[in-house]
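Okay, structure first, notes after.
Number of protein chains: 2
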Amino acid sequence: MEKKNSVGIIETKYFTFAQAPNQLVLESGEKLGPITLAYETYGALNTERSNAVLLLHALSGDAHVAGIHKGEQGSGWWDSMVGPGKAFDTEKYFVICSNILGGCQGSTGPSSTNPKTSKPYALDFPLVSIGDMVECQRHLIDYLGIKKLLAVVGGSMGGMQALAWLVRYPARIKSAIPIATAVRHSPQQIAFDEVGRQAIMADPAWHEGNYYTGPGPAKGLAVARMIGHITYMSDTSMAEKFGRQKRNKVRPFKFTADFEVEGYLQYRGDNFVKRFDANSYLYITKAMDNFDASDGKPLHEVLKGTEAKVLVVAFKSDWLYPAYQSKEIAKACKLAGLQATYCEINSTYGHDAFLLEAKGETHLIKHFLKKVFYEYEVTGTYEI
Amino acid sequence: MEKKNSVGIIETKYFTFAQAPNQLVLESGEKLGPITLAYETYGALNTERSNAVLLLHALSGDAHVAGIHKGEQGSGWWDSMVGPGKAFDTEKYFVICSNILGGCQGSTGPSSTNPKTSKPYALDFPLVSIGDMVECQRHLIDYLGIKKLLAVVGGSMGGMQALAWLVRYPARIKSAIPIATAVRHSPQQIAFDEVGRQAIMADPAWHEGNYYTGPGPAKGLAVARMIGHITYMSDTSMAEKFGRQKRNKVRPFKFTADFEVEGYLQYRGDNFVKRFDANSYLYITKAMDNFDASDGKPLHEVLKGTEAKVLVVAFKSDWLYPAYQSKEIAKACKLAGLQATYCEINSTYGHDAFLLEAKGETHLIKHFLKKVFYEYEVTGTYEI
Numbered sequence: 005m006e007k008k009n010s011v012g013i014i015e016t017k018y019f020t021f022a023q024a025p026n027q028l029v030l031e032s033g034e035k036l037g038p039i040t041l042a043y044e045t046y047g048a049l050n051t052e053r054s055n056a057v058l059l060l061h062a063l064s065g066d067a068h069v070a071g072i073h074k075g076e077q078g079s080g081w082w083d084s085m086v087g088p089g090k091a092f093d094t095e096k097y098f099v100i101c102s103n104i105l106g107g108c109q110g111s112t113g114p115s116s117t118n119p120k121t122s123k124p125y126a127l128d129f130p131l132v133s134i135g136d137m138v139e140c141q142r143h144l145i146d147y148l149g150i151k152k153l154l155a156v157v158g159g160s161m162g163g164m165q166a167l168a169w170l171v172r173y174p175a176r177i178k179s180a181i182p183i184a185t186a187v188r189h190s191p192q193q194i195a196f197d198e199v200g201r202q203a204i205m206a207d208p209a210w211h212e213g214n215y216y217t218g219p220g221p222a223k224g225l226a227v228a229r230m231i232g233h234i235t236y237m238s239d240t241s242m243a244e245k246f247g248r249q250k251r252n253k254v255r256p257f258k259f260t261a262d263f264e265v266e267g268y269l270q271y272r273g274d275n276f277v278k279r280f281d282a283n284s285y286l287y288i289t290k291a292m293d294n295f296d297a298s299d300g301k302p303l304h305e306v307l308k309g310t311e312a313k314v315l316v317v318a319f320k321s322d323w324l325y326p327a328y329q330s331k332e333i334a335k336a337c338k339l340a341g342l343q344a345t346y347c348e349i350n351s352t353y354g355h356d357a358f359l360l361e362a363k364g365e366t367h368l369i370k371h372f373l374k375k376v377f378y379e380y381e382v383t384g385t386y387e388i
Numbered sequence: 005m006e007k008k009n010s011v012g013i014i015e016t017k018y019f020t021f022a023q024a025p026n027q028l029v030l031e032s033g034e035k036l037g038p039i040t041l042a043y044e045t046y047g048a049l050n051t052e053r054s055n056a057v058l059l060l061h062a063l064s065g066d067a068h069v070a071g072i073h074k075g076e077q078g079s080g081w082w083d084s085m086v087g088p089g090k091a092f093d094t095e096k097y098f099v100i101c102s103n104i105l106g107g108c109q110g111s112t113g114p115s116s117t118n119p120k121t122s123k124p125y126a127l128d129f130p131l132v133s134i135g136d137m138v139e140c141q142r143h144l145i146d147y148l149g150i151k152k153l154l155a156v157v158g159g160s161m162g163g164m165q166a167l168a169w170l171v172r173y174p175a176r177i178k179s180a181i182p183i184a185t186a187v188r189h190s191p192q193q194i195a196f197d198e199v200g201r202q203a204i205m206a207d208p209a210w211h212e213g214n215y216y217t218g219p220g221p222a223k224g225l226a227v228a229r230m231i232g233h234i235t236y237m238s239d240t241s242m243a244e245k246f247g248r249q250k251r252n253k254v255r256p257f258k259f260t261a262d263f264e265v266e267g268y269l270q271y272r273g274d275n276f277v278k279r280f281d282a283n284s285y286l287y288i289t290k291a292m293d294n295f296d297a298s299d300g301k302p303l304h305e306v307l308k309g310t311e312a313k314v315l316v317v318a319f320k321s322d323w324l325y326p327a328y329q330s331k332e333i334a335k336a337c338k339l340a341g342l343q344a345t346y347c348e349i350n351s352t353y354g355h356d357a358f359l360l361e362a363k364g365e366t367h368l369i370k371h372f373l374k375k376v377f378y379e380y381e382v383t384g385t386y387e388i
C-alpha cells in the first residue's frame, strides 16, 4: 500500500550559503561558513506559495523523509506520512525536509572540511544550537522563495525545531506541529544524553575528536546508540517485541548476547556506527540539552502576540518525552492566546511512536493541515 | 539521631566453605571452591535461635549494612534501618548481612585467586546465579547454627535473593520481605544491564577480563554505573536534585560537564570504579538477568504449600522495578495461599527509594517483623 502511494525516486539537494565574508553568526557568537544543508522536496509549490510544509527530523534522522533513493532499498524515515493522499499529501502540499547544521548526512558538521585547515573540523566545529539549525532552515526557505510556511512539523528534536520556529519566526509560519517533544530537557533527558556522550568520549579511538584518519570510536558510539534505543522504546513494547526469548547458548559462557533483546541492541548499535558520525552525536545531543524554547522565561510570555495555530501531539507510553512535557507546551500556547490543540495518542511504542503511529498521526495532522490551509486560502495575504 | 542509635564499631567476618573435594555444585553444573563469604552480624542470637534476620544486598552493596568500620568515615548502606530501636531492632533481632558469591567486597568472585592457576579467575570464574548466591548464604546460616530465619529481607537484587530463599528453602524461613524487585527481569531491565556490560567490554582496558595486572576498564565501568544511576532515580527526583543548573562554563567548549546532573553522574561513575570490580559487575548483572524465581513456571505454583509470611514493598516512582512487578509477587503469594501483604510507598526517589525511604519502610517492617516474631514465639517449634 505504501509503495502505491510513494513519492517515487527522490534525489537529495544541497543548498550552500554563508560564504565568507558573510558567515553565519551563531548563538554562541562564533562565526561559521560556508554552510551546506542537505534537503529534499516532494510535491510542487503552488503559485501562491502557500502550500509549503517544512518537516524537521530527530537526532539521527536526515533529509530523506519519503520515497526511494535510486539504487537503494528502503524508503525515507516517514514514508508512511508523506506521499499522495497521505498526512502530508504531496498532491496538495509542497513538502520540504531539511537536514541539520552539525549533522553528518550531507550538511555542514564536525566531519566537514574546515576551510581554514582543509581538514575536518572535529572539535574546532563551534557549539551549535537548535536555534542555529532553525536559522539555517530559514535561509533555505528564503532561497526557496517561501515567505510563509503552512506548517513546521517535527517529532523529538524535530519538535524542538518546530518550537524554535514558533518563537523566532512566528510571522513566517501559519502553524506548528511539535510532536513528542519538550520546551527544554529535564535532568533525566540530559543525563541519558550525557551518558551517551561519555561512552563515545571514553573510547580511546575517539582521540579528542580527531579520529577522521582512523577507525573512530565505533564501540563508544554503539553503546551510546544502545542507550538511546532503550529510551526510545517502552517497557511494554520491549516486552512485546522480545519477551525473555533466549538465543542459542554459547559455551563456554563469555558474556555474549543470549537474550534476544541483547542481540537486537548490539545489532542496532553496530548498524548506527556505519551511518553516523560520533562527533555529530556529541554536538547534536548537546544542542538538545542546551535548548530552551523560551530561554528561561515562561513559554507563554514569549509566545504572546503569535498567531500561528499549534497542534501538540504526545504518546502515552513515551517516557523519554513524557506527555506532561507536551501538555506544558499546549498550556503555554493557550495561555498566550494561540489556537492550540493537545492530542495524546494511546500507543505502547514509547518515544518511537512518533515514527510508527502513522494512522493516529495521519488522522490528526491531515485534518489540522486541511483546516489551516483552508483558512490560509480564504483569509491569507500571500505577501509574495 | 542515627549516630545515637548506631550499632557502633563493626568488623566484617569471613566464612570459608566448599573446600576441595567438597566444592559447591553451581546451577550451571560447574564446581566452585573454596568459597569465602564476607558477612557482618549485629545484635545477639537468642537462646531459641529464633530471632535471626538475614539482610540481602543489591548489585553494588556489601556486607556492611550498619555501624562504622574502625578508622572509616560513614556508616553502612542501611544504617537508618539497622540498630537499637530501628526497623531491624538489634536489641531484639540478630541481624546478619551477607555479601554475595561473584562479588568483590570480600567474597569469592572473578577477582579472587583461582587455586588452580594462582591467578585471578577473571572470565574463568563460572557463571553464577541468584540461586547460587542463596545456596552460599544457606551454608553460612548452617554454620551460624540457625535452623529457621525469622526473615529474609532485601531490595532490588536483594529482593531476588529473598524470593529465591522463599522458593528454595521455604522451611528455613518464617517470612520474606522482597522490596522493589521482580520475579524476573523484563527485556527493558535486561537491556539496561546489557548496555552497562557492553560499555565495560567496549573498553580496550578490559582485555577480555584479564586486566588485573593493569588499570582495568575504569572508563567503561564508570559509564555502566552512570547508566545505572539514571535508572535508580526518577524523572522527578532528578528534577528536584538538579533542575537545569549549570556549572561554570569552560571555554573553549569541549564537551565538559556543564549541567550539574552531568557532573554528578561523572562523579558517581568515577567513584564507583575505586570500589568495584568490572568483572563482578558483568557476573552479577548477568545473574540478575538470568534470574527467574519460578524458573518459567507460574510463581504461585512453585509457592504452593509454603507457609512463610510475605511483605511485598514497592515504590510509586520506581520505573526500573515498576510496582506492577511487585504486585505480581504479592498476587502469586496470595494465589498460593500464603499470607501476603502488598504495600506501595508514595516516594519520588525512584528505585533508590528502597535505600532512602527509611521512615515508611520502618513503619511497615517493624510491625510486620513484630507480628511474625510474636507468632513464632507462641507457636514455633524451634527445631534446634
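Chains as they are written, first to last, in the numbering used here: chain A, 5 to 388; chain B, 5 to 388.
Idealized CB from N, CA, C, for every residue including glycine.
Just so it is clear, the structure is predicted and the values come from calculations on it, not from any experiment.
query                                                                                                                                : result
First and last residue of the uninterrupted alpha helix (DSSP H) at alanine 67 (chain B)                                             : Taken as a continuous stretch (DSSP letters only), alanine 67 (chain B) belongs to no alpha helix (DSSP H), as it is neither H nor E.
Under 8 Å between C-beta atoms of leucine 154 (chain B) and alanine 297 (chain B)                                                    : no
Assumed close pair tyrosine 271 (chain A), isoleucine 204 (chain A) - CB separation to whole angstroms, cut-off 8 Å                  : That pair is no contact at about 19 Å.
Neighbour-count burial assignment, glutamate 305 (chain A), 16 or more Cβ in a 10 Å radius                                           : exposed
Close Cβ partners of phenylalanine 259 (chain A) (< 6 Å) along its chain, the five nearest in sequence each way excluded             : none
Close beta carbons around cysteine 108 (chain A), own chain, < 7 Å, minus the five adjacent residues each side                       : Ser115, Phe280, Asp281 and Ser284
Within 8 Å, strictly: CB atoms of serine 351 (chain B) and alanine 357 (chain B)                                                     : yes
Touching by the beta-carbon criterion (3+ pairs, under 8 Å), the segment 181 to 189 of chain A and the segment 165 to 172 of chain A : yes
Residue burial classification, glycine 47 (chain A) (beta-carbon count within 10 angstroms, cutoff 16)                               : buried
Collapsed DSSP secondary structure at serine 79 (chain B) in the structure displayed                                                 : coil
Any chain A beta carbon closer than 8 Å to tryptophan 323 (chain B)                                                                  : yes
Beta-carbon proximity list for tyrosine 325 (chain B), same chain, < 7 Å, skipping 5 on both sides                                   : Ser160, Ala184, Thr185, Ala186 and His355
Phenylalanine 19 (chain A) versus cysteine 140 (chain A) - alpha carbon distance                                                     : 10 Å
Contact list for the segment 183 to 199 of chain A against chain B, Cβ threshold 8 Å                                                 : Arg188, His189, Ser190, Pro191, Gln192, Ile194, Ala195, Phe196, Glu198 and Val199
Chain B contact for lysine 178 (chain A) (CB, 8 Å cutoff)                                                                            : no
Within-8 Å CB hit, glutamate 6 (chain A) to chain B                                                                                  : For glutamate 6 (chain A), the pLDDT reaches just 45, beneath the cut-off of 50, and the residue's location in the model is therefore unreliable, although a value from the coordinates is still provided. Not an interface residue.
Reduced DSSP secondary structure (H/G/I, E/B, other) of arginine 201 (chain B)                                                       : helix
Test: methionine 292 (chain B) CB closer than 8 Å to a CB of chain A                                                                 : no
Coarse secondary structure for isoleucine 177 (chain A), derived from DSSP in three states                                           : strand
Close-in-space but distant-in-sequence residues of the same chain around alanine 362 (chain B) (CB under 6 Å, 5 per side omitted)    : Ser84 and Met85
Contact list for alanine 282 (chain B) against chain A, beta-carbon separation under 7 Å                                             : Within 7 Å Cβ-Cβ: nothing; alanine 282 (chain B) doesn't reach chain A, min ~11 Å.
Close Cβ partners of threonine 112 (chain A) (< 7 Å) along its chain, the five nearest in sequence each way excluded                 : Ile39, Thr40 and Leu105
CB contact check: glutamine 77 (chain B) to chain A, cutoff 8 Å                                                                      : no
Endpoints, the beta strand (DSSP E) within which cysteine 101 (chain B) is located                                                   : 98 to 102
Buried versus exposed, by CB contacts within 10 Å (16 or more), histidine 189 (chain A)                                              : buried
Other residues of its chain near alanine 206 (chain A): CB distance less than 8 Å, five sequence neighbours each side excluded       : Gly224
Beta-carbon proximity check, glycine 4 (chain B) vs leucine 60 (chain B), cutoff 8 Å                                                 : Since the displayed chain B opens at 5 and closes at 388, residue 4 (chain B) lies outside it and no answer follows.
Any chain B beta carbon closer than 8 Å to valine 317 (chain A)                                                                      : no
CB contact flag (proline 191 (chain A), phenylalanine 246 (chain B), <8 Å)                                                           : yes
Pair within 8 Å by beta-carbon distance, proline 130 (chain B) and asparagine 9 (chain B)                                            : no
Spatial distance of aspartate 128 (chain A) from lysine 35 (chain A) (CA atoms)                                                      : 12 Å
At least three beta-carbon pairs within less than 8 Å, the segment 309 to 318 of chain B to the segment 368 to 378 of chain B        : yes
Valine 382 (chain B) burial status per 10 Å Cβ neighbour count (16 or more: buried)                                                  : exposed
Residue from B:Tyr287, B:Ala70 and B:Ile145 with nearest C-alpha to leucine 49 (chain B)                                             : B:Ile145
DSSP-derived helix/strand/coil call for arginine 272 (chain A)                                                                       : helix
Glutamine 138 (chain A) to leucine 63 (chain B) span [Cα, whole Å]                                                                   : Correcting the residue identity first, residue 138 (chain A) is valine in this sequence and not glutamine. About 45 Å.
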